Every structure is written in C-alpha cells, then in structure tokens.
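What follows is a single structure, written as structure tokens, with notes after it.
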Amino acid sequence: METEAVKAIAAGLAIGLGAIGPAIGEGIIASKAMEAIGRNPEVSSKITPLMFVTMAITESTGIYALVITLIILFG
Amino acid sequence: MPATNKYMELNISIAPDILFYIRSFPVTNSLIWSLAISGFLIAITFVIRFSLKTVPGKLQNITEIIIEESFSFVRSVIGSEEKAKKVFPLFCTLFLFILTANVFTFIPGQAALSLRGGNGPLPVFRAAMADYGMVLVLTMISVLTVQIVAIAVHGPFGYLGKFFNFQSPLKFFLGLMDIVGELAKVLSLSFRLFGNIFAGEVLGMVMLFLIPFIVPLPFMFLGVLTAVVQAFVFATLTLVFITLASEIEEDELVEQASM
Chain A
1 METEAVKAIA AGLAIGLGAI GPAIGEGIIA SKAMEAIGRN PEVSSKITPL
51 MFVTMAITES TGIYALVITL IILFG
Chain B
1 MPATNKYMEL NISIAPDILF YIRSFPVTNS LIWSLAISGF LIAITFVIRF
51 SLKTVPGKLQ NITEIIIEES FSFVRSVIGS EEKAKKVFPL FCTLFLFILT
101 ANVFTFIPGQ AALSLRGGNG PLPVFRAAMA DYGMVLVLTM ISVLTVQIVA
151 IAVHGPFGYL GKFFNFQSPL KFFLGLMDIV GELAKVLSLS FRLFGNIFAG
201 EVLGMVMLFL IPFIVPLPFM FLGVLTAVVQ AFVFATLTLV FITLASEIEE
251 DELVEQASM
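Residue numbers (UniProt numbering), protein chains in the order written: chain A, 1 to 75; chain B, 1 to 259.
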C-alpha cells in the first residue's frame with residue numbers, strides 16, 4: 001500500500017476508535033447532570049459549570065486521539 | 001498532505017509559520033499574536049490602574065466583577081483566604097491570558113492579513129494556543145508551581161517520601177505510579193488545551209472550505225464555547241493540583257499527632 005493510503009486509514013481508525021470512550025463518558029455526565037437538575041432545579045446554576053468542566057476533562061482522551069490523528073495527517 | 005490542486009488548498013500545519021528572522025531568532029505568527037495579547041492585557045491593566053475611581057466607570061466595573069468573582073471562586077476551591085491570596089495571581093493570569101488569546105481569534109478580518117512567503121501566503125496571526133510550544137511553556141509553569149508548593153508544604157523529605165515509600169511492596173509500587181502520574185500531568189494538561197484549540201481551528205477551516213456560508217456558524221459558536229471552557233479548565237486544574245499539593249493528608253496528621 002502507498003504511504004498516503006496507510007496514513008488515511010490510520011488517521012480514520014485513530015479518531016474513530018478514540019471517540020467511542022469520551023462519547024459514552026460525556027453522555028453519562030450529561031444524563032446525570034440532567035437528572036440532578038430535574039430533581040433539584042434550584043442548583044442548576046451550580047451544576048451547569050461543573051458539568052462543562054467535567055465534560056472538558058472527559059473529552060481530553062478524545063482530544064489525545066485527535067492530536068495523534070492530526071499529527072498523522074499533517075505532521 | 002500535499003495539495004493536489006492549486007485551487008483546492010487547505011493551509012494546515014501543526015508547527016507555526018516562521019514569518020521572518022531577527023538575527024537567528026525565528027519570529028513565528030503565533031509569537032506575534034501572543035505578544036499582541038500580552039500588550040493588550042498590560043495596556044488594559046495600566047489604563048485601569050491610573051484611572052481608578054471610587055465611582056467606577058464601565059471598564060473598571062467589568063474588571064472588578066471579573067476579579068471579585070474569580071477570587072471568590074479560588075477561595076471556595078482552596079478553602080482559605082490566606083492561601084487564595086497567594087494562588088490567585090497565577091490562576092487569574094493563566095485564565096485571562098488563555099481566554100483573551102482564544103477569544104480574540106474570533107475577531108473577523110485578521111485571518112485575511114498575510115505575508116508573501118516562498119510556498120504561498122503566510123498568515124500574520126495564528127491562535128497562540130494552537131502552537132504547542134506556547135502551551136507547553138504554560139503547562140510547565142503550572143506543573144512546576146505544583147511541585148514547588150508540594151515541596152514547601154511537605155518539606156523535601158516528605159515530598160520524596162511520597163514517591164519512594166519502602167513500607168510495603170504495594171506502597172513502593174504506588175509511589176512509582178505517582179511519579180508517572182506527575183509526568184502525565186504535563187502531557188494531559190498541554191494536550192487538552194492544544195488539541196481543543198488546534199482542532200477548533202482545523203474544523204473551522206475545513207467547514208469554511210467545504211461550504212463557505214451559514215454552515216460554519218454553529219461550529220464557530222462551538223469554538224467560542226470551547227475557547228472559554230478550556231481557558232477555565234486549564235486555570236481550574238492548575239488550582240486543583242495546587243490545592244491537592246498544599247493539603248496535608250490525614251495519615252500525615254496522624255503521624256504528627258502520634259510523634
């Protein structure tokens with residue numbers, strides 16, 4: 001196979017597989033946050049920023065995969 | 001990736017473009033951008049410093065709100081007023097610098113500024129946090145501060161004792177894992193910020209390239225959200241690491257009490 005073709009396949013696999021975990025994690029965070037807000041709507045202003053921060057942290061594993069993908073493609 | 005067609009060209013590079021040299025020192029577009037951001041922040045600081053009034057104007061009001069809110073946030077995380085006063089300058093500087101550097105990339109028109117280079121146009125501005133060198137320096141500042149705080153609180157021997165614990169094989173192994181954990185902080189903090197901002201830039205560029213109208217807008221909004229949240233996350237994680245490093249653990253307290 002040509003190098004370009006292998007690079008394209010590798011990049012696709014890296015980001016595709018790497019996106020699974022964070023997606024599930026963020027879904028869990030969002031559902032739990034919604035549950036908590038639904039149960040106790042007064043604290044929604046406290047929960048929302050916390051939700052964003054934890055989401056950003058969960059997202060980081062996906063971002064690692066993305067960085068690897070970008071390095072494969074453009075590095 | 002080499003461009004196949006002259007008209008289908010996406011100008012994406014992980015390393016920032018070098019615009020010109022001062023002697024042998026390469027001046028990159030992200031360096032110019034970060035200097036502009038620093039200059040802007042310093043100018044704002046001086047303007048406010050020399051026009052302080054008891055009845056604040058708009059600018060002073062906004063600044064006071066930002067400072068007060070972030071100070072009360074730092075105090076609520078770290079738990080004491082005295083510690084908060086020590087950590088607050090670092091936290092606020094990191095937050096404001098990353099925030100302005102990220103958000104100002106959304107000012108329209110600046111992407112059109114470019115210099116003529118050897119292989120096509122070189123953009124004059126580039127998001128400072130999309131340059132890994134810049135992000136790594138910020139990360140090193142924050143991680144080194146955490147280590148210094150840990151040494152100052154636990155003392156040099158207490159600090160080393162956390163990593164080299166000979167009480168049992170399990171504790172020894174866990175101590176070694178702590179070393180890996182400290183090193184991983186550098187990677188995770190820097191990759192998170194760099195990846196988010198760089199990916200945002202690439203995503204925006206690709207969407208503009210595919211469909212130039214309307215469709216890139218939601219991605220832009222997502223980019224603004226990411227810019228604010230990532231600045232907050234970086235500063236907050238630094239703060240949390242410092243808080244964890246400055247806390248005296250329970251078994252240490254028990255040891256001190258039993259001694």
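We treat Cβ as the ideally placed atom computed from N, Cα and C, and that holds for glycine.
Keep in mind that this is a model prediction, so the values were computed, not measured.
DSSP-derived helix/strand/coil call for residue i
i	result
Ile18(B)	strand
Leu52(B)	coil
Val27(B)	strand
Pro212(B)	coil
Met1(B)	A caution first: Met1(B) carries a pLDDT of 43, below 50, which makes its placement in the model unreliable, though a value can still be read off. Of the three classes helix, strand and coil, the one that applies to Met1(B) here is coil, per DSSP.
Tyr132(B)	helix
Phe232(B)	helix
Lys6(B)	With a pLDDT of 46 at Lys6(B), under the threshold of 50, the modelled position of this residue cannot be trusted; read the value that follows with caution. Reduced to three states, the DSSP call for Lys6(B) is coil.
Phe241(B)	helix
Beta carbon of residue i nearer than 7 Å to that of residue j
i	j	result
Val137(B)	Ile242(B)	no
Phe221(B)	Leu203(B)	no
Leu193(B)	Met129(B)	yes
Val53(A)	Val233(B)	yes
Ile42(B)	Ala127(B)	no
Ala33(A)	Ile24(A)	no
Phe91(B)	Asn29(B)	no
Ser190(B)	Thr226(B)	no
Leu187(B)	Asp17(B)	no
Ala235(B)	Phe95(B)	yes
Glu26(A)	Met51(A)	no
Lys185(B)	Val143(B)	yes
Gly14(B)	Ala101(B)	Note on identity: in this sequence residue 14(B) is Ile, with Gly being the wrong assignment. No. Outside cutoff.
Lys7(A)	Ile72(A)	yes
Pro216(B)	Met205(B)	no
Phe163(B)	Gly155(B)	no
Phe71(B)	Phe88(B)	yes
Thr69(A)	Ala30(A)	no
Phe172(B)	Asn165(B)	yes
Glu81(B)	Arg75(B)	yes
residue 267(B)	Leu239(B)	Given that chain B is displayed from residue 1 to residue 259, the structure contains no residue 267(B) and the question cannot be resolved.
Thr12(B)	Phe74(A)	The displayed chain sequence assigns Ile, not Thr, to residue 12(B). Yes, they are a contact pair.
Val146(B)	Ala84(B)	no
First through last residue of the alpha helix (DSSP H) which encompasses residue i
i	result
Glu247(B)	Neither: Glu247(B) is in no alpha helix (DSSP H) and is coded neither H nor E.
Which residue spans inside the segment 33-115 of chain B form an unbroken alpha helix (DSSP H) run of at least 4?
Taking only runs of at least 4 residues, the alpha helix (DSSP H) segments lying wholly in the segment 33-115 of chain B are 58-78 and 81-103.
Chain A contacts from the segment 185-200 of chain B (Cβ-Cβ distance under 8 Å)
So the list reads Ser188, Phe191, Arg192, Phe194, Gly195, Asn196, Phe198 and Ala199, given in the order they occur along the chain.
What are the uninterrupted segments assigned as alpha helix (DSSP H) that are 4 or more residues long and contained completely in the UniProt domain "V-ATPase proteolipid subunit C-like" (9-72) of chain A, given in chain order?
You should have 20-39.
If contact means a Cβ-Cβ distance below 7 Å, which residues of the segment 11-28 of chain B contact chain A?
Taking 7 Å as the cut-off between beta carbons, the residues of the segment 11-28 of chain B near chain A are Ile12, Ser13 and Ile14, in sequence order.
Please give the ranges of any beta strand (DSSP E) in the segment 143-198 of chain B, keeping only runs that are unbroken, at least 3 residues long and fully inside the region.
As far as the segment 143-198 of chain B is concerned, it has no whole beta strand (DSSP E) run of at least 3 residues.
Could you name the residues of the segment 12-38 of chain A whose beta carbon sits closer than 7 Å to any beta carbon of chain B, in the order they occur along the chain?
Using a CB distance below 7 Å, no part of the segment 12-38 of chain A faces chain B.
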